[in-house]
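Going by the working numbering, the sequence shown opens with residue 15, and the numbers climb by one from there.
Cβ coordinates follow ideal geometry from the N, Cα and C atoms, glycine included.
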Amino acid sequence: MRANISNEVKDKCAARNMRVIPGGLTPYLQAGGIGIYKTFKDLLYLEMNAWKDSDKVEYTRFGKPRMPSIEVVCGWVRKAWHNTECNTVVNSIAAAGFADSYLDWHIARRVQRKIS
């Protein structure tokens with residue numbers, strides 16, 4: 015399907031200031047999916063379960079738990095991200111092809127090969 019290149023879709027994307035990742039580049043931009051998100055989600059899950067087991071949960075008159083406040087959820091996210099080890103982030107970024115020098119990135123090497 016090529017709906018993403020129709021003029022109507024392009025106009026809507028432009029109105030939202032949206033950018034499109036060209037085909038073939040997404041593997042180089044998914045450092046989060048390589049290792050960060052799994053660790054982060056596991057830590058976030060621990061925070062959510064701790065809240066569920068605590069006395070901080072409020073219930074409706076029908077006995078169903080109320081949604082936590084945005085402040086509580088932000089606290090979970092902050093704590094989970096803080097507890098995500100730096101090495102996890104660094105290794106995921108490296109596995110996605112991003113090195114300290116941009117000239118060593120997968121995409122840079124790919125472009126250099128085309129130029130040569």
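Alpha-carbon spacing of residue i relative to residue j, whole angstroms
| i | j | result |
| --- | --- | --- |
| G46 | D69 | 33 Å |
| N21 | P36 | 17 Å |
| G49 | D67 | 28 Å |
| G38 | W95 | 29 Å |
| M62 | G77 | 19 Å |
| Y100 | Q44 | A quick correction: the sequence has Cys, not Tyr, at residue 100. Taking the straight line from one Cα to the other gives about 17 Å. |
| I19 | Y73 | 48 Å |
Cβ-Cβ separation, residue j to residue i (assumed contact under 8 Å), whole Å
| i | j | result |
| --- | --- | --- |
| T98 | L60 | Contact doesn't hold; Cβ gap of about 12 Å is too wide. |
| R91 | W65 | For the sequence presented, residue 91 should be read as Val rather than Arg. The pair is not a contact, with the Cβ atoms about 12 Å apart (cut-off 8 Å). |
Any non-hydrogen atom of the ligand ADP within 7 Å of residue i CB
| i | result |
| --- | --- |
| M81 | With respect to the ligand ADP, the structure offers nothing, as it holds no ligand at all. |
Candidates the options: closest to residue i by CA position
| i | options | result |
| --- | --- | --- |
| K52 | L117, G111, V103 | V103 |
At 4 residues or longer, and completely inside the segment 40–69: list those alpha helix (DSSP H) runs for me, N to C. 51–67
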